[in-house]
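Here is the structure we will look at, set down as structure tokens.
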């Protein structure tokens, strides 16, 4: 029983990790709070649903299509919403207000287009096999989640560390003014970061919608609450912190639901958030790094 719940928690935590790393990437590089990010989570799920039901595409084709489509949509939306805030004083508050309005508008568009009732994927879409290893059961969708999420996260880390674009993004995150001096285009950085982050969010939305076989317009709001808690617990702007906090929170939520009550899941999330703010105001990873010589 415990092993099964740990596996379920790992699957949920992996999705939290995927979502939160993209959210933290936006804050760490663009230095804004983008509440539209949760909408991309829902758009990713609906994009997968439309591609599967209307166009009949298989799962292996839907995944890259969702990444590209939602990434381009996000780049366009963020260019309109966030680019005018570059270099302005008070952009944290301005970005919060502007993206909140944009998010509410986009959620309404999704609700009008698809209705508020949960939609389901076709029965033959996605890996549907069930595997048993002793007392542990794992579905094909869960295997896909555990395979795709680390692949995307690892690809992002490699891209940021070794590619020319990744080095430019890290330079802009480290010192925005210095990056301008050496010729880094802030508009291209905004578009690139928006594309990468939205690709992670959209993939997370598609995977969690497929895992629970339910897609609805406001699913991004629930995930944004988790995302806020995770990035604060892990440390604002810290990708490793988001990964650690996301995995830990997913496992703890599943264990709480299994051995306690699902009603305590929300309490657990925000209790951990408050505890972190009291003990490690800068987040777990930043606090650890600050103590290193």
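In this note's numbering, the protein residues as written are 305 to 597.
For every residue, glycine included, the Cβ atom is placed at its ideal position computed from N, Cα and C.
Predicted, not measured: the structure shown is a model, and the values here were computed from it.
Under a Cβ-count criterion, where at least 16 other Cβ atoms within 10 Å of its own Cβ denotes burial, should residue i be classed as buried or exposed?
i, result
"residue 318", "buried"
"residue 597", "Confidence is the limiting factor: at residue 597 the pLDDT is only 34, short of 50, which leaves the residue's position unreliable and the question unanswerable from this model."
"residue 578", "exposed"
"residue 288", "There is no way to answer for residue 288, as the model of the chain reaches only from 305 to 597."
"residue 382", "buried"
"residue 437", "exposed"
"residue 359", "exposed"
"residue 528", "buried"
"residue 401", "exposed"
"residue 274", "Lying before the first or after the last residue shown, residue 274 is absent from the chain, which here runs from 305 to 597."
"residue 458", "exposed"
"residue 594", "With a pLDDT of 35 at residue 594, under the threshold of 50, the predicted position of this residue should be treated as unreliable, though the coordinate-derived value follows. Residue 594 comes out exposed."
"residue 307", "exposed"
"residue 510", "buried"
"residue 331", "buried"
"residue 343", "buried"
Going by DSSP, which residues form a beta bridge with residue i?
i, result
"residue 437", "440"
"residue 519", "423"
Can you tell me where the alpha helix (DSSP H) with residue i in it begins and where it stops?
i, result
"residue 323", "306–334"
"residue 565", "Unbroken run through residue 565: none, as it is neither H nor E."
"residue 368", "363–385"
"residue 403", "395–418"
"residue 584", "Taken as a continuous stretch (DSSP letters only), residue 584 belongs to no alpha helix (DSSP H), as it is neither H nor E."
"residue 348", "341–357"
"residue 473", "468–478"
Looking at residue j and residue i, is the spacing between their C-beta atoms short of 8 Å?
i, j, result
"residue 520", "residue 420", "yes"
"residue 501", "residue 327", "yes"
"residue 341", "residue 522", "no"
"residue 323", "residue 504", "yes"
"residue 442", "residue 559", "no"
"residue 494", "residue 334", "yes"
"residue 449", "residue 515", "yes"
"residue 389", "residue 336", "yes"
"residue 426", "residue 356", "yes"
"residue 537", "residue 572", "no"
"residue 464", "residue 474", "yes"
"residue 367", "residue 347", "no"
"residue 544", "residue 589", "yes"
"residue 476", "residue 321", "no"
"residue 338", "residue 386", "yes"
"residue 351", "residue 364", "no"
"residue 451", "residue 444", "no"
"residue 469", "residue 496", "yes"
"residue 313", "residue 512", "no"
"residue 409", "residue 524", "no"
"residue 507", "residue 551", "no"
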